[in-house]
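Protein sequence lines, in the order shown, are assigned to chains A and B.
Positions 1 to 215 (the numbering used here) are the ones given, in order, by the first sequence.
Positions 1001 to 1215 (the numbering used here) are the ones given, in order, by the second sequence.
Number of protein chains: 2
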Amino acid sequence: MSEKVQYNEKQQQIMAVALRLFAENGYDKTSIRDIAREAEVNVAMVSYYFGSKDKLLEAVFINHFKSIRASFKVILNHRGDSATDKVSKIIDMFIDMLANRQLFHRLMIRESGILKQGPLFDMINEMKTANRRLVEKAVKNGQQLGVFRKDVDVFFMSSVLIGSVNQNMANTRYELEHRNITKEQREIIKHERTETLRTHLKRMFIAYLTDTNTP
Amino acid sequence: MSEKVQYNEKQQQIMAVALRLFAENGYDKTSIRDIAREAEVNVAMVSYYFGSKDKLLEAVFINHFKSIRASFKVILNHRGDSATDKVSKIIDMFIDMLANRQLFHRLMIRESGILKQGPLFDMINEMKTANRRLVEKAVKNGQQLGVFRKDVDVFFMSSVLIGSVNQNMANTRYELEHRNITKEQREIIKHERTETLRTHLKRMFIAYLTDTNTP
DNA sequence: TTGTTTTAATTAAACGTTTGTTTAATTTTG
DNA sequence: CAAAATTAAACAAACGTTTAATTAAAACAA
Chain A
1 MSEKVQYNEK QQQIMAVALR LFAENGYDKT SIRDIAREAE VNVAMVSYYF GSKDKLLEAV
61 FINHFKSIRA SFKVILNHRG DSATDKVSKI IDMFIDMLAN RQLFHRLMIR ESGILKQGPL
121 FDMINEMKTA NRRLVEKAVK NGQQLGVFRK DVDVFFMSSV LIGSVNQNMA NTRYELEHRN
181 ITKEQREIIK HERTETLRTH LKRMFIAYLT DTNTP
Chain B
1001 MSEKVQYNEK QQQIMAVALR LFAENGYDKT SIRDIAREAE VNVAMVSYYF GSKDKLLEAV
1061 FINHFKSIRA SFKVILNHRG DSATDKVSKI IDMFIDMLAN RQLFHRLMIR ESGILKQGPL
1121 FDMINEMKTA NRRLVEKAVK NGQQLGVFRK DVDVFFMSSV LIGSVNQNMA NTRYELEHRN
1181 ITKEQREIIK HERTETLRTH LKRMFIAYLT DTNTP
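What follows is the structure, encoded as structure tokens:
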């Protein structure tokens, strides 16, 4: 029953470098030679281990996708105290999920814009659906308890959740990359921004779900 | 004082095709030969008119950027009745701005993820700043009138505005592209989604700005 | 432990394509 | 006739990938 070691050290090294370069410069702007140089392996090793550049990207995707899928399951089974607590918990866990996989999400967001089919397309689709289900469950729970308004839109909320977090992180990175500050300061500011995002997103969602003054 | 005709018919044709292919398949996955074929011109015409593929992208960007900048000016000078009306108007105009330039925004979102410097970088930065100023102005107005809470975050709100609209449109497109429906039905659904987005984003923002039940 | 064989890993070089771009000749336009 | 537009062809560079040769590691028999 023990989990097989899927990738050896060298393979993991290649995948790590590939992820970073794909995320920072884009898949097409990253050559196999770039990856090989930074991973300190021969160019032929990529084909030898992964078959092709496409398959390497796929391997990187599957690798992260598995752990993301697991994260979703954890969130879905979480039992919060109140309806609003559940919404808070979803936001927390979703932000954590993205914050812990920043490089992968940068890559994913970029690729999701042009994908039309194939395994990567399917994976991204599954994640979006999982996110919507998550929001739907929490919303319905609150509605049944009579705490949340009935006229809320799950598709909209899901878009806001994903889009806001993405944009907030992108803006933060965008801003930090062009300031002359130390790495430590960078991480502090990044952390502050994430915490602010957390607080305000919760407040905004709960206000949207519970506010009775707006029509 | 008459506006010079910047681009002749053929140039505009090339730019239109380039924008579409860049947006749909990505800049790097689009070859000059692809553009030339669909625009029904010789490959050499791109270099002849624009200098290079890079410059063509830049020309496409500048072209749209100018009209976007103009749109921002209109929004910034708008005089709504109440503080909430002003917020509503900003959301309306921002959504219209993106909805009317869907291809360009798809391209821009994608490229903004990997740009590190250069003219395109500067343009995108200006747009982000303009958006933040816009939100800031409306928020301060409402706060001075005592209608809005004091503890709201402009950086956060700007991220939510841009991110939510982007994500909503991306999700809608993603979903529609894989349904067997006519173009007319597609447009109807797209329009519905945009209207829902409008309504709910306004409600959410105003709830966030005015709600007094949440801490 | 040895020596031997087999498999896996690693390399430099080459391959065929595609890419963006340029050239030089020709046609169209003013 | 001169300038602009258009073309087919060619160019060098970069790309992903493969090949064939070599080295390192693992497996095995004595």
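Yeah, the Cβ is synthetic: ideal placement off N, Cα and C, and Gly gets one too.
These numbers come from a predicted model, not from an experiment.
Which of the three DSSP states, helix, strand or coil, is assigned to Phe-155 of chain A? helix
With a CB to CB cut of under 7 Å and the five nearest residues on each side skipped, what residues in its chain are close to Phe-1050 of chain B? Leu-1056, Ala-1059
Would you please verify whether the beta carbon of Asn-180 of chain A is less than 9 Å from any beta carbon of chain B? no
Tell me whether the beta-carbon of Arg-1179 of chain B lies closer than 9 Å to the beta-carbon of Arg-1173 of chain B. no
For Gln-1143 of chain B, go through chain A and note every residue whose CB falls closer than 8 Å to its CB, in chain order. Neighbours of Gln-1143 of chain B on chain A: none; closest Cβ ~16 Å, over 8 Å.
So, is the C-beta of Gln-167 of chain A closer than 9 Å to a C-beta in chain B? yes
Cβ of Glu-187 of chain A less than 9 Å from any chain B Cβ? no
Using a Cβ distance threshold of 8 Å, determine whether the segment 197-208 of chain A contacts the segment 1205-1212 of chain B, with at least three qualifying pairs required. yes
Any C-beta of chain A sitting closer than 9 Å to the C-beta of Gly-1163 of chain B? yes
Can you give me the start and stop residues for the alpha helix (DSSP H) that Asn-100 of chain A sits inside? From DSSP, Asn-100 of chain A is part of no alpha helix (DSSP H); its letter is neither H nor E.
Under a three-way DSSP split, which group does Phe-148 of chain A fall into? coil
If you count every other CB in all the chains shown that lies within 10 Å of the CB of Ser-2 of chain A, and 16 or more means buried, which is it? Confidence at Ser-2 of chain A is low in this model, with a pLDDT of 33, below 50, so the placement of that residue is unreliable and no value is reported for it.
So, is the C-beta of Ile-1032 of chain B closer than 9 Å to a C-beta in chain A? no
Within 8 Å, do at least three Cβ pairs link the segment 1082-1092 of chain B to the segment 1004-1015 of chain B? no
Within chain B, the residues that Ile-75 of chain A reaches when beta carbons sit closer than 8 Å: Correct list: empty, because the minimum Cβ distance to chain B is about 19 Å.
Whether or not the segment 1112-1124 of chain B and the segment 19-39 of chain A are in contact is what I'm after, with contact meaning three or more pairs of Cβ atoms, one per stretch, closer than 8 Å; do they touch? yes
Comparing the C-beta of Arg-20 of chain A with each C-beta of chain B, is any distance below 9 Å? no
Cα-Cα separation, Asp-81 of chain A to Asp-1034 of chain B: 57 Å
Only counting the same chain, and skipping five residues up and downstream in sequence, which positions put a Cβ closer than 7 Å to that of Glu-136 of chain A? Val-154
Looking at the C-beta of Gly-1118 of chain B, does it have a partner C-beta in chain A at a distance below 9 Å? no
Quick check on Lys-202 of chain A: buried or exposed, where buried means 16 or more other Cβ atoms within 10 Å of its Cβ? buried
Quick check on the DSSP output: what are the complete alpha helix (DSSP H) runs of length 4 or more inside the segment 43-72 of chain A, in order along the chain? 44-50
Can you list, in chain order, the residues of its chain with a C-beta nearer than 7 Å to that of Asn-1141 of chain B? Leave out the 5 residues immediately preceding and following it. Ala-1083, Lys-1086
Quick one: residues in its chain with C-beta nearer than 8 Å to the C-beta of Lys-1150 of chain B, no 5 flanking neighbours on either side, listed in chain order? Gln-1143
Please report whether the beta-carbon of Val-152 of chain A lies at a distance below 9 Å from any beta-carbon of chain B. yes
Decide if Lys-66 of chain A is buried, meaning its Cβ has at least 16 other Cβ atoms within 10 Å, or exposed. exposed
Beta-carbon spacing of Ile-14 of chain A, Ala-44 of chain A below 9 Å: no
Proximal residues of chain A, C-beta to C-beta of His-1200 of chain B below 7 Å: Asp-153, Phe-156
Leu-1098 of chain B and Asn-1166 of chain B: beta carbons closer than 9 Å? yes
Going along chain B, which residues have a C-beta under 9 Å from Arg-106 of chain A? Gly-1113, Ile-1114
Please list the terminal residues of the continuous alpha helix (DSSP H) segment that includes Asn-1025 of chain B. 1009-1025
Using the beta-carbon of each residue, which ones in chain B are nearer than 8 Å to Arg-110 of chain A? Arg-1110, Gly-1113, Ile-1114
Mind listing the chain B neighbours of Leu-197 of chain A? Cutoff is C-beta to C-beta under 7 Å, in chain order. Phe-1156
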